[in-house]
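Engineer: Input: one structure, supplied below.
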Amino acid sequence: MGPEVRFHLLGPLVVTVDGRPVPLGGAKQRVLLAHLLLNANRTVPPGQLVDTIWPGDPPTSATANLQTYVWRLRRLLPEGPILRTQGPGYSLVVDPGVVDAHRFTRLVADAARAATPETALKLLAEAESLWRGDPLADLPGTPAWDAELGRLAENRLAAVEERLSLQVRLGRHDPAIAELTVLLAEHPYRERLWQQYLLALTGAGRRAEALQAYTTARERLVTELGVEPGPELRAVQAAILAGEPVAAPPAVPPPPRQLPADLPDFTGRAEYVRELETALGPAPVVLTGAPGTGKTALAMHVAHRVADRFPDGQLYVDLAGTGTPRDPAEVLADFLHALGVTGNTVPAGLGQRAALFRSRLAGRRVLLVLDDAATAAQVRPLLPGDAGCAVLATTRGRLPELAGAKHVELTVFGEHEASRLLAGVAGVDRVVGEPAEAAAIVRCCGYLPLAIRIAGARLAGRQAWSLRTLHDRLADEAGRLSELRVGDLGVRPSFELSLRQLPADARTAFCRAAVLGAQDFPSWVVDALLDRDGAHEVLDVLVDANLVALAGRDSSGAPRYRLHDLLRCYAAELLAAEPSSARRETLARVLTVLLAMAKTAAAGLPPAFGAMTGPAVGEPVATAGPGADPLGWFTAERKLLAAAVQLAADAGLDELAWQLTATAVPFYDLRGAYDDWRRSHLTALAAAEAAGNVAGAAVLHRGLGQVRLYHDDYAAAVTDMERSASLFASLGDVRGEALAVAGLGTVARVRDRPQEALGFYRRALAGLERAGDRRGVAQVRNSLGTTYASLGSFAEAGSWLRQARELAREIDDPHREAKVLTELGTLHRDTGALPESLTCLRLALSILEELTDERCSAYALLGIGQTLLAAGEPVQARGVCDRALRVFRETGNRQGETTGLELLEQVQRRRTPSAARS
Numbered sequence: 004m005g006p007e008v009r010f011h012l013l014g015p016l017v018v019t020v021d022g023r024p025v026p027l028g029g030a031k032q033r034v035l036l037a038h039l040l041l042n043a044n045r046t047v048p049p050g051q052l053v054d055t056i057w058p059g060d061p062p063t064s065a066t067a068n069l070q071t072y073v074w075r076l077r078r079l080l081p082e083g084p085i086l087r088t089q090g091p092g093y094s095l096v097v098d099p100g101v102v103d104a105h106r107f108t109r110l111v112a113d114a115a116r117a118a119t120p121e122t123a124l125k126l127l128a129e130a131e132s133l134w135r136g137d138p139l140a141d142l143p144g145t146p147a148w149d150a151e152l153g154r155l156a157e158n159r160l161a162a163v164e165e166r167l168s169l170q171v172r173l174g175r176h177d178p179a180i181a182e183l184t185v186l187l188a189e190h191p192y193r194e195r196l197w198q199q200y201l202l203a204l205t206g207a208g209r210r211a212e213a214l215q216a217y218t219t220a221r222e223r224l225v226t227e228l229g230v231e232p233g234p235e236l237r238a239v240q241a242a243i244l245a246g247e248p249v250a251a252p253p254a255v256p257p258p259p260r261q262l263p264a265d266l267p268d269f270t271g272r273a274e275y276v277r278e279l280e281t282a283l284g285p286a287p288v289v290l291t292g293a294p295g296t297g298k299t300a301l302a303m304h305v306a307h308r309v310a311d312r313f314p315d316g317q318l319y320v321d322l323a324g325t326g327t328p329r330d331p332a333e334v335l336a337d338f339l340h341a342l343g344v345t346g347n348t349v350p351a352g353l354g355q356r357a358a359l360f361r362s363r364l365a366g367r368r369v370l371l372v373l374d375d376a377a378t379a380a381q382v383r384p385l386l387p388g389d390a391g392c393a394v395l396a397t398t399r400g401r402l403p404e405l406a407g408a409k410h411v412e413l414t415v416f417g418e419h420e421a422s423r424l425l426a427g428v429a430g431v432d433r434v435v436g437e438p439a440e441a442a443a444i445v446r447c448c449g450y451l452p453l454a455i456r457i458a459g460a461r462l463a464g465r466q467a468w469s470l471r472t473l474h475d476r477l478a479d480e481a482g483r484l485s486e487l488r489v490g491d492l493g494v495r496p497s498f499e500l501s502l503r504q505l506p507a508d509a510r511t512a513f514c515r516a517a518v519l520g521a522q523d524f525p526s527w528v529v530d531a532l533l534d535r536d537g538a539h540e541v542l543d544v545l546v547d548a549n550l551v552a553l554a555g556r557d558s559s560g561a562p563r564y565r566l567h568d569l570l571r572c573y574a575a576e577l578l579a580a581e582p583s584s585a586r587r588e589t590l591a592r593v594l595t596v597l598l599a600m601a602k603t604a605a606a607g608l609p610p611a612f613g614a615m616t617g618p619a620v621g622e623p624v625a626t627a628g629p630g631a632d633p634l635g636w637f638t639a640e641r642k643l644l645a646a647a648v649q650l651a652a653d654a655g656l657d658e659l660a661w662q663l664t665a666t667a668v669p670f671y672d673l674r675g676a677y678d679d680w681r682r683s684h685l686t687a688l689a690a691a692e693a694a695g696n697v698a699g700a701a702v703l704h705r706g707l708g709q710v711r712l713y714h715d716d717y718a719a720a721v722t723d724m725e726r727s728a729s730l731f732a733s734l735g736d737v738r739g740e741a742l743a744v745a746g747l748g749t750v751a752r753v754r755d756r757p758q759e760a761l762g763f764y765r766r767a768l769a770g771l772e773r774a775g776d777r778r779g780v781a782q783v784r785n786s787l788g789t790t791y792a793s794l795g796s797f798a799e800a801g802s803w804l805r806q807a808r809e810l811a812r813e814i815d816d817p818h819r820e821a822k823v824l825t826e827l828g829t830l831h832r833d834t835g836a837l838p839e840s841l842t843c844l845r846l847a848l849s850i851l852e853e854l855t856d857e858r859c860s861a862y863a864l865l866g867i868g869q870t871l872l873a874a875g876e877p878v879q880a881r882g883v884c885d886r887a888l889r890v891f892r893e894t895g896n897r898q899g900e901t902t903g904l905e906l907l908e909q910v911q912r913r914r915t916p917s918a919a920r921s
């Protein structure tokens with residue numbers, strides 16, 4: 004067995020072999036090792052290493068020196084880690100378990116999955132023991148590390164918060180209070196620390212002090228940051244004001260272990276197993292699926308795997324939902340018996356039994372498996388009230404009315420699982436002998452277990468057939484369902500039987516749904532398919548018949564639907580009987596409604612400068628509209644919109660194609676969905692150019708120029724912007740031309756060509772003023788101010804920014820005003836006017852919060868943090884930065900998160916200066 008090598012980053016950089024430190028050479032060589040460890044098992048380009056070792060001004064011999072340091076490190080490193088040359092870069096290949104930063108992350112993750120709070124506490128204590136000070140405290144700071152070191156510091160504090168939360172839950176209030184007092188002095192704006200402090204004080208019988216602590220926290224947040232406490236902290240205060248003591252749980256008998264045996268040969272479903280294991284928690288988990296998909300087997304397998312997370316027992320019941328459903332009152336009596344309640348101590352009524360059941364489970368960690376549930380009404384009385392318990396229910400139908408439930412739909416096999424099933428029925432040797440054909444067969448079956456079993460049975464009964472023979476028969480979608488039949492077992496007959504039982508309008512909707520291809524869709528699509536409003540009852544009929552499947556729920560909680568691949572083949576067979584003109588008319592009707600909804604939703608988003616669309620297309624059937632959450636609507640319909648552009652282009656509906664993608668630009672811009680933006684614009688552009696649609700091509704070139712700018716493809720961005728300007732000019736569209744020219748100005752500004760940018764912006768400004776586009780004028784004035792600021796012409800910059808703000812206020816565009824205020828705040832900070840900077844940024848923040856624009860609010864918070872840091876207030880800067888980071892993480896904004904983490908690292912260096920970094 005080789006020596007034990009460990010790398011220590013959580014403090015001064017240290018490498019140990021069998022517990023003894025290894026000399027690592029000079030500072031630059033240690034910086035090289037540190038950077039490779041922070042990027043362990045990834046190839047790091049030499050230019051990045053040079054910038055890290057010599058930030059700002061590398062010597063001419065930097066590349067040669069780097070090679071020397073790499074050579075020396077290879078000689079110094081003990082056996083085990085390998086410093087490889089990968090192409091032009093370098094990679095340090097190590098087991099993550101030997102790097103303390105990775106071990107810390109793993110231990111924290113293990114604690115989150117621990118079966119008991121005591122185990123979690125031990126794991127968190129072990130994780131914290133790995134820290135010996137600030138990460139890489141003995142090395143000079145480098146901007147390349149700011150984000151990662153900020154992330155490590157944030158994760159350390161989060162682990163401490165979690166440990167203290169567990170201590171408070173376990174009643175260890177006094178030591179928690181002592182530690183929280185110290186931490187709050189260091190992090191006075193950390194709201195989760197205040198939450199645990201209030202709970203600990205209350206648990207220790209110091210309720211008055213807890214309420215006073217809340218008052219102190221609120222005063223600091225409001226007075227020093229200008230923000231109210233978050234909802235979690237306010238909820239803790241409300242709970243303390245209620246003043247109800249928590250009773251100790253009663254004694255319980257030995258834990259019940261009622262799970263039926265796990266299948267000894269259970270195979271596959273690995274992703275579902277992981278999803279269910281992760282989902283199991285306070286909210287009930289509902290596993291749905293059609294008959295024969297293996298719901299019960301999967302539920303039993305998962306329940307046995309997680310049983311050790313529920314040491315107080317596992318309860319099981321077959322609710323007989325597909326036969327004669329069991330009365331929940333009878334089920335509760337059985338559960339209460341298992342928990343030690345017997346005889347006449349079991350109450351008579353359902354409500355009383357449910358209440359006693361919840362009381363018995365209070366403070367305990369019990370898993371309930373409710374198999375084959377019929378309705379939510381049957382399940383609801385069986386739900387525990389304690390967050391330590393978990394419920395896994397299986398059901399053939401759907402339980403959307405079960406409040407707060409997490410729904411997992413078990414549909415079809417994955418490719419590997421499907422191949423294993425085929426091999427089990429047809430024979431392993433045949434599948435192994437023709438693996439490509441086997442994969443094609445299960446793909447043609449849509450990975451549906453019934454279809455795969457039929458295919459396997461056909462092969463088993465025809466030993467002379469090769470797998471290629473069956474694949475050739477299944478390849479034609481038009482005849483596929485005819486091939487998927489053996490004896491009295493078939494796919495199409497079951498579909499036909501279901502369809503014959505439907506009313507006429509449901510049959511029509513099912514057939515026409517094939518025009519959307521493989522996309523899932525919202526409920527309003529059925530209205531458009533039938534060309535009438537209020538067709539929700541038709542959709543209900545299709546869902547109840549299992550011809551349309553519930554694909555999940557969007558961000559607003561609205562359901563989405565889809566056709567299984569083989570059902571889609573069946574629908575396409577029926578649709579092919581209609582004339583091609585009718586099929587094209589049906590598709591246009593659906594896409595016209597989608598476009599109208601997208602335009603309404605886009606109007607509710609912050610405007611994207613340069614975004615344009617066209618006049619109304621057709622007369623869409625009435626719909627409910629996108630609702631009050633335009634961002635949520637676009638998030639839900641993102642895939643459908645992208646598919647709709649392709650469908651429209653393929654059908655020759657060029658006007659719909661370009662308007663659909665152009666209307667989505669404000670969403671793409673807000674969410675950074677640049678790949679969707681580029682791909683759909685290119686698709687629509689080809690259709691517009693083929694049809695001679697000049698206006699559509701002009702708009703699309705402007706959008707492509709913007710997204711290529713975001714991808715730093717400046718030459719292509721210029722080409723697209725110039726093409727857009729030329730096309731708009733040929734149409735006499737002054738506004739469109741000006742917006743394209745403004746885009747050229749932005750490209751020039753980003754390429755650090757401010758004088759060239761000013762020329763474009765002035766030209767764009769003149770065009771927008773002639774066109775009467777006052778919003779565009781406000782934006783270009785803002786851009787002019789930003790450009791002058793980059794030249795150091797602060798007076799000129801201030802003048803343009805003030806004009807931009809005045810115009811934004813005149814046209815009642817608070818969002819634009821807030822963005823200008825953010826730029827003014829930056830300008831004031833750059834000129835040393837820190838109080839004025841804070842005033843502008845806080846006003847911007849208040850406007851953006853009122854508009855519920857979390858993304859821009861987070862950037863305003865970052866600006867406040869940067870100004871507070873410049874004013875010598877690192878503790879307050881940390882407070883606002885924490886709030887911004889939370890938003891960036893919730894919205895998936897990686898760029899914003901990186902900027903915030905870099906600021907955190909700067910704050911940390913300011914608060915804990917070291918000789919090495921000064």
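Take the position in the sequence shown, starting the count at 1, then add 3; the result is the number in this note's numbering.
Just so you know, even glycine gets a beta-carbon here, dropped at the ideal spot from N, CA and C.
Just so you know, these numbers come straight off a predicted model, no measurement behind them.
What distance in whole Å lies between the Cβ atoms of A429 and G459, which are believed to be in contact at a cut-off of 8 Å?
Structural biologist: Confirmed, about 4 Å.
Engineer: Would you decide whether V274 is buried or exposed? Buried here means 16 or more other CB atoms lie within 10 Å of its CB.
Structural biologist: Correcting the residue type first, residue 274 is Glu in the shown sequence and not Val. Looking at its Cβ environment, which holds fewer than 16 other Cβ atoms inside 10 Å, E274 is exposed.
Engineer: Using C-beta distances below 6 Å, list every residue in its chain close to R752, excluding the 5 sequence neighbours before and after it, in chain order.
Structural biologist: These residues qualify, in order along the chain: A760 and T790.
Engineer: Where does L133 fall in DSSP's three states?
Structural biologist: DSSP places L133 in coil when its eight states are reduced to three.
Engineer: Taking all protein chains shown into account, do 16 or more other C-beta atoms lie within 10 angstroms of the C-beta of V702, making it buried, or fewer, making it exposed?
Structural biologist: Counting Cβ neighbours within 10 Å, V702 comes out buried, since at least 16 surround it.
Engineer: Alpha carbons only, please: which of G613, E333 and V783 is nearest the one belonging to M724?
Structural biologist: Comparing Cα-Cα distances from M724 to each of G613, E333 and V783, the minimum goes to G613.
Engineer: Locate the alpha helix (DSSP H) running through S729, then write down its first and last residues.
Structural biologist: Run containing S729: Y717 to L734, per the alpha helix (DSSP H) assignment.
Engineer: Given this structure, state the Cα-to-Cα distance separating E404 from A379, to the nearest angstrom.
Structural biologist: Each residue's Cα considered, the two are about 6 Å apart.
Engineer: Taking the alpha-carbon of Q32 as reference, which of A43, R135, W74 and P58 has the nearest alpha-carbon?
Structural biologist: Among A43, R135, W74 and P58, the Cα nearest to that of Q32 is on W74.
Engineer: Would you tell me roughly how many angstroms separate the C-alpha atoms of V435 and W468, rounded to the nearest one?
Structural biologist: Cα-Cα distance, rounded: 15 Å.
Engineer: Starting from the C-beta of P328, find all residues in its chain whose C-beta is less than 7 Å away, skip the five residues before and the five after it, and write them out in chain order.
Structural biologist: The answer, listed in chain order, is L322, A377 and Q381.
Engineer: Taking buried to mean at least 16 other C-beta atoms within 10 Å of its own C-beta, is D375 buried or exposed?
Structural biologist: With 16 or more Cβ atoms within 10 Å of its Cβ, D375 is classed as buried.
Engineer: Under a three-way DSSP split, which group does I56 fall into?
Structural biologist: In the structure shown, I56 sits in a helix (DSSP, three-state: H, G or I).
Engineer: Pull the bridge partners of H11 from the DSSP assignment, please.
Structural biologist: Its beta-bridge partners are V17.
Engineer: Checking 7 Å against the spacing of the C-beta atoms, do Y598 and L644 come in under that value?
Structural biologist: Note that residue 598 is Leu in the sequence shown, not Tyr. Taking 7 Å as the Cβ cut-off, L598 and L644 do not qualify as a contacting pair.
Engineer: Does DSSP classify S840 as helix, strand or coil?
Structural biologist: In the structure shown, S840 sits in a helix (DSSP, three-state: H, G or I).
Engineer: Just verifying my parser: in three-state terms, what is the DSSP assignment at R23?
Structural biologist: Reduced to three states, the DSSP call for R23 is strand.
Engineer: With a threshold of 6 Å on Cβ separation, who are the neighbours of A694 within its own chain once the five nearest residues in sequence on each side are excluded?
Structural biologist: These residues qualify, in order along the chain: D657.
Engineer: Could you name the residues of the same chain whose beta carbon sits closer than 6 Å to that of V249, not counting the 5 residues immediately before and after it, in chain order?
Structural biologist: Caution applies to V249, whose pLDDT of 33 falls short of 50 and renders its modelled position unreliable; the model cannot decide the point.
Engineer: With G391 and R356 assumed to form a contact (beta carbons below 8 Å), what rounded beta-carbon distance in angstroms separates them?
Structural biologist: Rounded, the Cβ-Cβ distance is 21 Å, inconsistent with contact.
Engineer: To the nearest angstrom, report how far apart A774 and G739 are at their CA atoms.
Structural biologist: C-alpha separation (whole angstroms): 9 Å.
Engineer: Please classify R272 as buried or exposed, where buried requires at least 16 other C-beta atoms within 10 Å of its C-beta.
Structural biologist: R272 should be labelled buried.
Engineer: How should K642 be labelled, buried or exposed, when 16 other C-beta atoms within 10 angstroms of its C-beta is the threshold for buried?
Structural biologist: Answer is exposed; the Cβ neighbour count stays below 16.
Engineer: Would you mind reading off the limits of the alpha helix (DSSP H) that contains E576?
Structural biologist: From DSSP, the alpha helix (DSSP H) with E576 extends over D568 to L578.
Engineer: Give the straight-line distance between the Cα atoms of L569 and A406, rounded to the nearest whole angstrom.
Structural biologist: Distance between the alpha carbons of L569 and A406 is about 33 Å.
Engineer: Give me the DSSP bridge partner(s) of K409.
Structural biologist: V288.
Engineer: Run the CB neighbour count on A123, radius 10 Å, all protein chains shown included, and call it buried at 16 or more, exposed below.
Structural biologist: A123 should be labelled buried.
Engineer: Rounded to whole angstroms, what's the CA-CA distance from L810 to A800? Just pull it up for me.
Structural biologist: Cα to Cα, the separation comes out at about 16 Å.
Engineer: Note down, in chain order, each residue of its chain lying with its Cβ closer than 7 Å to the Cβ of V823, except the 5 sequence neighbours on either side.
Structural biologist: Here the set comprises N785, L804, A807, R808 and A811.
Engineer: Check for me: the alpha helix (DSSP H) holding L169 runs from which residue to which?
Structural biologist: Counting along the chain, the alpha helix (DSSP H) containing L169 begins and ends at P146 to R172.
Engineer: Can you give me the Cβ contacts of P15 inside the same chain, cut-off strictly under 6 Å, excluding the 5 residues immediately before and after it?
Structural biologist: Once the five neighbours on either side are set aside, the close Cβ partners of P15 are A140 and D141.
Engineer: Is it right to say E853 is buried, meaning 16 or more other beta carbons lie within 10 angstroms of its own, or is it exposed?
Structural biologist: Classification for E853: exposed.
Engineer: Taking R78 as part of the alpha helix (DSSP H), name the residues at either end of that continuous run.
Structural biologist: It spans A65 to L79 - the alpha helix (DSSP H) in which R78 sits, taken as one unbroken run.
Engineer: Does the contact criterion of 3 or more C-beta pairs under 8 Å hold for the segment 516-533 versus the segment 607-622?
Structural biologist: Judged by Cβ distances under 8 Å, the segment 516-533 makes no contact with the segment 607-622, as fewer than three pairs qualify.
Engineer: For my contact list, A720 and L730 are in at a C-beta cut-off of 8 Å; report their separation, rounded to the angstrom.
Structural biologist: So it is not a contact: roughly 16 Å between Cβ atoms.
Engineer: Thinking C-alpha only, which one of V17, A161, L52 and E164 is nearest V101?
Structural biologist: Ranking V17, A161, L52 and E164 by Cα distance to V101 puts V17 first.
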